[in-house]
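**Q**
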Amino acid sequence: MEKFIKLKSIPAHIPLMNIDTDMIIPKQFLKTIKRTGLGKSLFYEMRYDESGKLIDTFILNNDPYSKSKILLAGKNFGCGSSREHAPWALLDFGIRCVISSSFADIFYNNCFNNGILPIIIDEKSIQELSEYSKRKEEIEVDLNEQMILYGNKKLTFDIESAKKKRLLEGLDNIGLSLKKIPNIEKFENSMNKTKPWI
Amino acid sequence: MSKTLYDKIWDDHIVHEENDGTALLYVDRHLVHEVTSPQAFEGLRIQGRQVRKPKLTLAVPDHNVPTTDRSKGISDKQSKIQVDTLRNNCKEFGINLFDVNDKRQGIVHIIGPEQGFTQPGTVIVCGDSHTATHGAFGSLAFGIGTSEVEHVLATQTLIQKKSKNFRVNVNGSLPAGVTSKDVILKIIGTIGTAGGTGYVIEFAGEVIRNLSVEQRMTICNMTIEAGARAGLIAPDDKTIEYFKDRPMSPKGENWTKAVAHWKKLFSDNDAKFDKEVNIDAKDIEPLVTWGTSPQDVSPITGEVPDPEKEKDKDRRTAMYRSLEYMGLKPKMKISDIKVDKIFIGSCTNGRIEDLRLAAKLLKGKKIASDVSAMVVPGSGLVKKQAEEEGIDKVFKNAGFEWREPGCSMCLGMNEDQLSSKERCASTSNRNFEGRQGRGGRTHLVSPGMAVAAAIKGYLADVREIN
Chain A
1 MEKFIKLKSI PAHIPLMNID TDMIIPKQFL KTIKRTGLGK SLFYEMRYDE
51 SGKLIDTFIL NNDPYSKSKI LLAGKNFGCG SSREHAPWAL LDFGIRCVIS
101 SSFADIFYNN CFNNGILPII IDEKSIQELS EYSKRKEEIE VDLNEQMILY
151 GNKKLTFDIE SAKKKRLLEG LDNIGLSLKK IPNIEKFENS MNKTKPWI
Chain B
199 MSKTLYDKIW DDHIVHEEND GTALLYVDRH LVHEVTSPQA FEGLRIQGRQ
249 VRKPKLTLAV PDHNVPTTDR SKGISDKQSK IQVDTLRNNC KEFGINLFDV
299 NDKRQGIVHI IGPEQGFTQP GTVIVCGDSH TATHGAFGSL AFGIGTSEVE
349 HVLATQTLIQ KKSKNFRVNV NGSLPAGVTS KDVILKIIGT IGTAGGTGYV
399 IEFAGEVIRN LSVEQRMTIC NMTIEAGARA GLIAPDDKTI EYFKDRPMSP
449 KGENWTKAVA HWKKLFSDND AKFDKEVNID AKDIEPLVTW GTSPQDVSPI
499 TGEVPDPEKE KDKDRRTAMY RSLEYMGLKP KMKISDIKVD KIFIGSCTNG
549 RIEDLRLAAK LLKGKKIASD VSAMVVPGSG LVKKQAEEEG IDKVFKNAGF
599 EWREPGCSMC LGMNEDQLSS KERCASTSNR NFEGRQGRGG RTHLVSPGMA
649 VAAAIKGYLA DVREIN
């Protein structure tokens, strides 16, 4: 997994609440057995018309937003299904940071397994950052400092320390958990006695 | 110290805990399907890792299998690759698979309980958000991403941070025509689609206790639509009775031990909940959704809301977008909404009790001439049971198509989809834009309400069907 340390980009703002995983990546693209190649189908139904032509009013279809690495969105981003294809599609498009006032739990977790930083800040700050999207000005995210820098201002955000460490170091969760095999074995042995039906 | 049911199951599964509360949680049961697992198995192969406990995983293809004649195999190339890949992965890693033509094949959240693979007090995960369904049996069950599927396969554990405790009490008794689907839609409409984010919701109260276990599954199934990853209902005598003699249920001495454990699974009287909501059953009517979020609910006797009356600007914008997508005008009567299709099925409402209820209302009647309707049983065993009871004939005689089991039009990954602007009364769980097909318009309803709509050709009140 690629490390996440600092990121600078002109943010793309999609001012909609409850952007669900079906919007992020519709079902027909879940039939892949790979993690890559989903970027061109990100936000498919908002991005392409029924004949498959790009809809030029959609923000990500226009420069410089087609190269945005930071997405600003309305609250409850990523609600709906558990499909990891949603973060895979964002990542494949080039988005490594999503900023919203709230995220759905499963999507939020899935981001950290893919080197994507989801940042929670209040609605007012999102409005403020959206001005930078409009003006096509860069903002910078510094994970180590837990800070968003814009213009001559900055704002801080919260993140669990374990999740922060994983992104900063690009750690493989499975490798870490496999180091706990003795604990897992001990748990299983005890369970075999107390709950033999499992 | 007093504990909630969630606290008890959580504590019982901690393998290791970090100082910041991040826990390595043991997973007792893992369900796998064809869509969210290929990349997980591929990950294992790349790293040269094994499946730690193959017997604790059960696999079934359900999301993209055809619901029509399966004798010729799967014609869609990509779907076929996914189903074949699942078969090969199960073979390679020694995982039990109910394949497409197995009579036990069905929707993953229906076959788990049906087989007794699901059990009270266990931690159950699956790469599917509707894993919450299994919470109806007092198991901590939630959806996970594919990276987490891989983690569970390799370690039989999951890294988790504990959620907060939320209890929803549904008090009183349900009015005529109101079912558990209406109860959960009412709850989502009340707390909102993000109302449960960060929480595990325990459902309690007289109404919940009086529901059958299958009806309880409908409630827990849609917990994720309120933002909570897991829903829980304390097991009781009905739960224990349900699991007796299921193929994978504990047997003999283990049964006695298991039952003794299950009887301890309840929230203590003075357990503390971080949030609590009370709902009075008498305030619940048969409901339908009018918008593109499951929180957009209205009584069937009501009207499409007017966004102008909404004070929150973002919410108002979302409402306008929903109404435009749904092709509806503010203030029109819900019962004036004409439907094109009816879908009865899904992990929300594809069980035998759902089909019985629908068939009872439908018996001797015909669907409206300009409506097409289909029933997709939740599993091969549900289908078989229904056929033994003659339920298939009731549906077929009324004009419904009687299909093979799977997820089908709930998410339209197979051929069962809505066309653009087609309107469907659906017993499924999500009314998102494009969910049932690009441009398709979904109204979430109970099975009884789906039958009412099928007969009238409009969204209709189940209480007027007799």
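As you go down the protein sequences, you meet chains A and B in turn. Letter by letter, the first sequence follows residues 1 to 198 of the numbering used here. Letter by letter, the second sequence follows residues 199 to 664 of the numbering used here. No residue lacks a Cβ here, since even glycine has one placed at the ideal position from N, Cα and C.
What does F307/B reach in chain A if we use C-beta pairs closer than 7 Å?
**A** In the sequence as displayed, the identity of residue 307/B is His instead of Phe. Within chain A, no residue comes near H307/B; the closest Cβ sits about 12 Å away, beyond 7 Å.
**Q** List the residues of chain A that D218/B touches, going by C-beta distances under 9 Å, in chain order.
**A** By Cβ distance, chain A contributes E160, S161, A162.
**Q** Under a Cβ-count criterion, where at least 16 other Cβ atoms within 10 Å of its own Cβ denotes burial, should P575/B be classed as buried or exposed?
**A** Classification for P575/B: buried.
**Q** Answer yes or no: do S98/A and K6/A have a C-beta to C-beta separation smaller than 8 Å?
**A** According to the sequence as given, residue 98/A is Val; it is not Ser. Against a cut-off of 8 Å, the Cβ pair of K6/A and V98/A comes out as no contact.
**Q** Going straight from the alpha carbon of K75/A to that of Y397/B, what length do you get?
**A** Approximately 17 Å, taken between the alpha carbons.
**Q** Which residues in the same chain as P259/B place their Cβ atom closer than 6 Å to its Cβ, once the five residues preceding and following it in sequence are excluded?
**A** Around P259/B: E232, V281, L284, V298.
**Q** I need the straight-line Cα distance from S337/B to H211/B, nearest angstrom please.
**A** Each residue's Cα considered, the two are about 12 Å apart.
**Q** Is the Cβ of I95/A closer than 8 Å to any Cβ of chain B?
**A** Taking Cβ atoms only, chain B never reaches closer than 8 Å to I95/A, which makes this a no.
**Q** Residue range of the beta strand (DSSP E) that S712/B falls in?
**A** The structure shown does not extend to residue 712/B, since chain B is modelled only from 199 to 664, so the question has no answer here.
**Q** Starting from the Cα of K289/B, find the closest Cα among I498/B, T320/B, Q248/B and give me that residue.
**A** Comparing Cα positions, the closest option is Q248/B.
**Q** Can you find a heavy atom of the ligand GTP that lies under 7 Å from the Cβ of I308/B?
**A** In the structure shown, the ligand GTP is absent, as is every other ligand, since no ligand is present at all.
**Q** Could you tell me which whole alpha helix (DSSP H) segments of length 4 or greater appear in the stretch 568–613 of chain B?
**A** Segments of the alpha helix (DSSP H) lying fully in the stretch 568–613 of chain B: 578–586, 589–596.
**Q** Listed in chain order, which residues of the stretch 593–618 of chain B have Cβ atoms closer than 8 Å to some Cβ of chain E?
**A** Going by chain labels, chain E is absent from the structure shown, which instead holds the protein chains A and B.
**Q** Within the continuous beta strand (DSSP E) that includes Y656/B, where are the two ends?
**A** From DSSP, Y656/B is part of no beta strand (DSSP E); its letter is neither H nor E.
**Q** Under the rule that 16 or more other beta-carbon atoms within 10 Å means buried, what is R246/A, buried or exposed?
**A** Coverage of chain A is limited to positions 1 through 198, which leaves residue 246/A absent and any answer about it impossible.
**Q** Taking one C-beta from the stretch 369–376 of chain B and one from the stretch 76–89 of chain A each time, how about it: are there three or more such pairs within less than 8 Å?
**A** The answer is no - the stretch 76–89 of chain A does not touch the stretch 369–376 of chain B, with fewer than three Cβ pairs under 8 Å.
**Q** Do we get a CB-CB distance below 8 Å when we pair G500/B with the residues of chain A?
**A** No, because no Cβ of chain A sits closer than 8 Å to the Cβ of G500/B.
**Q** Three-state secondary structure (DSSP) at Q303/B?
**A** If DSSP states are grouped into helix, strand and coil, Q303/B belongs with coil.
**Q** Check the Cβ of Y224/B against every Cβ in chain A and list those closer than 7 Å, keeping chain order.
**A** Result: F187.
**Q** Considering only C-alpha positions, which residue in the set S491/B, Y523/B, E508/B is nearest to N627/B?
**A** Per the Cα distances, S491/B.
**Q** Around the Cβ of N114/A, are there at least 16 other Cβ atoms within 10 angstroms (buried) or fewer (exposed)?
**A** Classification of N114/A: buried, given that the 10 Å Cβ count is 16 or more.
**Q** Using a Cβ cut-off of 8 Å, which residues of the stretch 227–240 of chain B contact any Cβ in chain A, in chain order?
**A** Flagged, chain order: V233, T234, P236, Q237, E240.
**Q** I need the DSSP call for D466/B, collapsed to helix, strand or coil.
**A** Coil.
**Q** Which whole runs of the beta strand (DSSP E) in the stretch 78–166 of chain A are 3 residues long or more, in chain order?
**A** Here the runs fully enclosed are 97–100, 117–120, 139–142, 147–150, 153–156.
**Q** Which residues in chain B have a C-beta closer than 9 Å to the C-beta of G178/A? List them in chain order.
**A** The sequence given here has Leu at residue 178/A, not Gly. Under the 9 Å cutoff, chain B gives R247, A352, T353.
**Q** So, does the CB of F169/B fall closer than 8 Å to a CB anywhere in chain A?
**A** With chain B covering only 199 through 664, there is no way to say anything about residue 169/B.
**Q** Run through the DSSP bridge pairs and tell me what I14/A is partnered with.
**A** A73/A.
**Q** According to the Cβ coordinates, are I305/B and C605/B closer than 8 Å?
**A** Yes, Cβ-Cβ distance for I305/B and C605/B is below 8 Å.
**Q** According to DSSP, Q358/B sits in a beta bridge with which residue or residues?
**A** Its beta-bridge partners are A221/B.
**Q** Can you give the Cα-Cα distance for P196/A and T625/B, rounded to whole angstroms?
**A** Answer to the nearest angstrom: the Cα atoms are 38 Å apart.
**Q** Among S125/A, D63/A, I33/A, S41/A, which one has its Cα closest to the Cα of N287/B?
**A** Nearest of S125/A, D63/A, I33/A, S41/A to N287/B, Cα basis: I33/A.
**Q** In this structure, how does DSSP classify K6/A when only helix, strand and coil are distinguished?
**A** The answer is strand: DSSP assigns K6/A an E or B state.
**Q** Mind pulling the chain B residues with CB within less than 8 Å of I33/A?
**A** What I33/A touches in chain B: P236, Q237, E240, I279, Q280, T283.
**Q** Leaving out the 5 sequence neighbours to the left and right, which residues in its chain are closer than 8 Å to Y132/A when beta-carbon positions are compared?
**A** Cβ within range, chain order: I10, P11, E138, I139, Y150, G151.
**Q** Can you tell which of I121/A, I148/A, D92/A, T194/A has its C-alpha closest to the C-alpha of K40/A?
**A** With distances taken between Cα atoms, K40/A lies closest to D92/A.
**Q** Counting pairs of Cβ atoms below 8 Å between the stretch 113–130 of chain A and the stretch 56–65 of chain A, do you hit three or more?
**A** No, the stretch 113–130 of chain A is not in contact with the stretch 56–65 of chain A.
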